[in-house]
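Colleague:
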Amino acid sequence: MKILLASRNAGKLREFSELLPEVRFIPWPADAPELPETGAFFQDNALQKAEGARAWWLAHGREPVDGVLADDSGLCVDALWGGPGVLSASFAPDLSTYRDKNRRLLAMVPDGADRAARFVCVLAYAPREGEAFTVSGAVEGSLAFDHRGDGGFGYDPVFIPDGYDHTFGELPPETKHTLSHRAMACAALRARLTRLPR
Ligand code: IMP
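Numbering follows the working numbering, with no gaps: position 55 of the sequence shown is 70.
(1) Measure from the alpha carbon of Q123 to the alpha carbon of each residue in R133, C201, E146 and L95, then state which is nearest.
(2) What is the rounded straight-line gap between the Cα of A202 and the Cα of G97?
(3) For A128, which residues from the same chain have a beta carbon less than 6 Å from its beta carbon, with the 5 sequence-adjacent residues on both sides left out?
(4) By DSSP's criteria, E155 is part of a beta bridge. Which residues make up the other side?
(5) Please find out if some non-hydrogen atom of the ligand IMP comes closer than 8 Å to the beta-carbon of C136.
(6) What do you reckon, are the CB atoms on R69 and P42 nearer than 9 Å?
(7) Cβ atoms of G67 and R143: under 9 Å apart, would you say?
(8) Return yes when at least one heavy atom of the ligand IMP lies under 8 Å from the C-beta of D165, else no.
(9) Report whether the distance from the Cβ of A104 to the nearest heavy atom of the ligand IMP is below 8 Å.
(10) Using beta-carbon positions only, say whether V92 and A132 come within less than 9 Å of one another.
(11) Do L121 and F160 have their beta-carbon atoms positioned less than 9 Å apart in this structure?
(12) Which residues bound the alpha helix (DSSP H) around D115?
(13) Between L62 and A139, how many whole angstroms is the CB-CB distance? I'm expecting something under 8 Å.
(14) Within 8 Å: the Cβ of S151 and any heavy atom of the ligand IMP?
Right, dumping it as structure tokens:
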């Protein structure tokens, strides 16, 4: 199967290629416009990106694909009223590295506050023709006290999944792929894709 991934995020591309090895992913090309994500919910943004990317791809006569996949995801921290949540990608735009963004995020959580957090992922799949659908996944955990580990991407070094003592930045990718929000969503996506007419 050949799927256009409506994202240029290298971390997401790597994870999708590992989680769905039977799929050949084409990343969103550099000459294509940025895909707007203006919704208030992960699901709205995922659908907006998948449908926007499909329309652009078809209108520009690019190579045929079976469908378009978009991921809208983020880290939701209870002590921050669920933030940065849907705004995870645009959090702390004045800072250029995730090491600094993570440091700021940790500093925003008051001492003694509940550190419960979860990663959420909503995937929208738009087949070449027909209606798009969404699937989702989440992983519960807590915020670390420091940035720990250099694996993964984004907020991985400050998130400790429940049942573990290490952050996603410290755990090997194989472990993250048995637990993560994206892994759960990909399992649901695979089940839906196998039921689609070819
Ligand atoms: P968006 O889905 O393009 O809005 O961006 C999601 C943002 O959430 C990413 O840029 C990361 O900062 C963060 N994020 C989503 N999934 C993960 C993950 O698996 N690990 C670490 N950060 C993530």
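Quick reminder that beta carbons are idealized off the backbone N, C-alpha and C, glycines included. Predicted model, so just to flag it, every value in this text is computed and none were measured.
Modeller: Looking at the atomic coordinates:
(1) Position 108 of the sequence shown, counting from 1, holds the residue named residue 123. Sequence check: residue 123 is Met here, not Gln. Residue L95 is the option with its Cα nearest to M123.
(2) Translated into positions along the sequence shown, residue 202 becomes position 187. Translated into positions along the sequence shown, residue 97 becomes position 82. For A202 and G97, the distance between alpha carbons rounds to 25 Å.
(3) The count along the sequence shown starts at 1 and reaches residue 128 at position 113. Cβ within range, chain order: A94.
(4) What you label residue 155 is simply residue 140 of the sequence shown in a count that begins at 1. DSSP lists R133 as partners of E155.
(5) As a first step, residue 136 must be located in the sequence shown, where it is residue number 121. It does: the Cβ of C136 is within 8 Å (strictly closer) of some heavy atom of the ligand IMP.
(6) Sequence index remark: in the sequence shown, residue 69 carries index 54 (1-based). Sequence index remark: in the sequence shown, residue 42 carries index 27 (1-based). Cβ atoms of R69 and P42: not closer than 9 Å.
(7) Locating residue 143 in the sequence shown gives position 128, counting from the first residue. Locating residue 67 in the sequence shown gives position 52, counting from the first residue. Not in contact: R143 and G67 (Cβ atoms no closer than 9 Å).
(8) On the sequence shown, residue 165 is found 150 positions in, with the first residue counted as 1. Not so, every heavy atom of the ligand IMP lies at least 8 Å from the Cβ.
(9) Position 89 of the sequence shown, counted from the first residue, corresponds to residue 104. A104 Cβ: within cutoff of the ligand IMP.
(10) Residue mapping note: residue 92 aligns to position 77 of the sequence shown, counting from 1. Residue mapping note: residue 132 aligns to position 117 of the sequence shown, counting from 1. Against a cut-off of 9 Å, the Cβ pair of A132 and V92 comes out as a contact.
(11) Start at 1 with the first residue of the sequence shown, and residue 160 comes out as number 145. Start at 1 with the first residue of the sequence shown, and residue 121 comes out as number 106. The answer is yes: Cβ separation under 9 Å.
(12) Indexing the sequence shown from 1 puts residue 115 at position 100. Y113 to M123 is the span of the alpha helix (DSSP H), which, as asked, contains D115.
(13) Reading the sequence shown from its first residue, position 47 is the one you call residue 62. Reading the sequence shown from its first residue, position 124 is the one you call residue 139. Indeed they touch by this definition, with Cβ atoms about 5 Å apart.
(14) One-based indexing of the sequence shown puts residue 151 at position 136. The answer is no for S151.
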